[in-house]
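Each residue of the sequence shown is one higher than the one before, counting from 1 in UniProt numbering.
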Amino acid sequence: MNPCLIVIDYQQDFVAGPQGFPAAKMLEPILVDKIRRYRAVGGTVLFTLDTGGSSWPVPPKALGQTLYGNVEQEKRREDLCFVKDTFGSAALFDHLRQTSYSSMELAGVVSHLCVLANGVLARTACPETEIWIDPAAIASPRRELEQAALEMMQEMHIRMGGALQ
Numbered sequence: 001m002n003p004c005l006i007v008i009d010y011q012q013d014f015v016a017g018p019q020g021f022p023a024a025k026m027l028e029p030i031l032v033d034k035i036r037r038y039r040a041v042g043g044t045v046l047f048t049l050d051t052g053g054s055s056w057p058v059p060p061k062a063l064g065q066t067l068y069g070n071v072e073q074e075k076r077r078e079d080l081c082f083v084k085d086t087f088g089s090a091a092l093f094d095h096l097r098q099t100s101y102s103s104m105e106l107a108g109v110v111s112h113l114c115v116l117a118n119g120v121l122a123r124t125a126c127p128e129t130e131i132w133i134d135p136a137a138i139a140s141p142r143r144e145l146e147q148a149a150l151e152m153m154q155e156m157h158i159r160m161g162g163a164l165q
């Protein structure tokens, strides 16, 4: 069994920085718990970080591209971190196509943007793998778009709930 947790864009910018929002801060203990649970069963933890590329609304040197709070403290040297400049990570897609995981779980922010985009990539890379998303482990500043994203992911056979429950 090699389950994989993918923590998407849980970084300074989207939690406490210029694009942060209150619901994102509330995810911190949930994500820390999930990271620890995956590690306890020998699972893999992957991270994505969004640099925003040229479309970013703040100057590149002002970017808070480090993981936020205790999630940063949980990151280990051996954890893969995929830096991306758009919603989905092509490098994550490539990694998922080449690596066999028993299941995957998506968590992080922003639900209707990067979580959704990387969910589509994960499903495309691994059409036979069980993929989960725990609605309590994602956040968006726009609840109605988050709900729509969850519905779209369900239509792609991404299961609701935590993979390790």
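Note that beta-carbon positions come from the ideal geometry of N, C-alpha and C, so glycine has one too.
How far does the alpha helix (DSSP H) with K25 in it reach, from first residue to last?
The residue labelled residue 25 in the question sits at position 25 within the sequence shown. Here the alpha helix (DSSP H) through K25 covers P22 to K25.
Apart from the five residues just before and just after L96, which ones in its own chain have a Cβ nearer than 7 Å to its Cβ?
As a working note, residue 96 is residue 96 in the sequence shown. Once the five neighbours on either side are set aside, the close Cβ partners of L96 are A122, A125 and C126.
Where DSSP assigns a beta bridge to L80, which residues make up the other side?
Numbered from 1 along the sequence shown, position 80 holds the residue referred to as residue 80. Partner(s): L46.
Near L164, which residues of its chain fall below 6 Å by C-beta distance, leaving aside the five closest residues on each side in sequence?
Numbered from 1 along the sequence shown, position 164 holds the residue referred to as residue 164. The answer, listed in chain order, is R37.
Confirm, please, whether the CB-CB distance from A139 to S100 is below 8 Å.
What you label residue 100 is simply residue 100 of the sequence shown in a count that begins at 1. What you label residue 139 is simply residue 139 of the sequence shown in a count that begins at 1. No, they are not a contact pair.
Runs of 4 residues minimum, wholly inside the segment 82-115: which ones carry the alpha helix (DSSP H) assignment?
90-98
Indicate the three-state DSSP secondary structure (helix, strand or coil) for P135 in the structure shown.
By 1-based counting over the sequence shown, the position of residue 135 is 135. Strand.
Looking at the secondary structure, which residues open and close the beta strand (DSSP E) in which V7 lies?
Taking the first residue of the sequence shown as 1, we reach residue 7 at position 7. V7 -> beta strand (DSSP E) spans P3 to I8.
I'd like to know whether the C-beta atoms of T44 and C81 end up nearer to each other than 8 Å.
For the purposes of this step, residue 44 is taken as residue 44 along the sequence shown, with counting starting at 1. For the purposes of this step, residue 81 is taken as residue 81 along the sequence shown, with counting starting at 1. Result no, Cβ atoms of T44 and C81 do not sit closer than 8 Å.
If you run the structure through DSSP and keep just helix, strand and coil, what is L67?
Mapped onto the sequence shown, residue 67 falls at position 67. L67 falls in the strand class under three-state DSSP.
Quick check on the DSSP output: the alpha helix (DSSP H) that includes R143 runs from which residue to which?
By 1-based counting over the sequence shown, the position of residue 143 is 143. Taken as a continuous stretch (DSSP letters only), the alpha helix (DSSP H) holding R143 covers R143 to E155.
Could you check whether G108 and D9 sit closer than 8 Å to each other, using their CB atoms as the reference points?
Locating residue 9 in the sequence shown gives position 9, counting from the first residue. Locating residue 108 in the sequence shown gives position 108, counting from the first residue. Contact check for D9 against G108 passes: the beta carbons are separated by less than 8 Å.
Check the C-beta distance from L49 over to V83 and give it rounded, since I have them as a contact under 8 Å.
Position 49 of the sequence shown, counted from the start, is the residue given in the question as residue 49. Position 83 of the sequence shown, counted from the start, is the residue given in the question as residue 83. Sure, about 5 Å apart at Cβ, within 8 Å.
Proximal residues to D33 (C-beta, below 8 Å), its chain only, five neighbours per side dropped
Within the sequence shown, numbered from 1, the residue matching residue 33 stands at position 33. Excluding positions up to five away in sequence, the list is empty.
Give the secondary structure of E74 by DSSP, where H, G and I count as helix, E and B as strand, and everything else as coil.
Working through the sequence shown from its first residue, we reach residue 74 at position 74. In this structure, E74 counts as helix in the three-state DSSP scheme.
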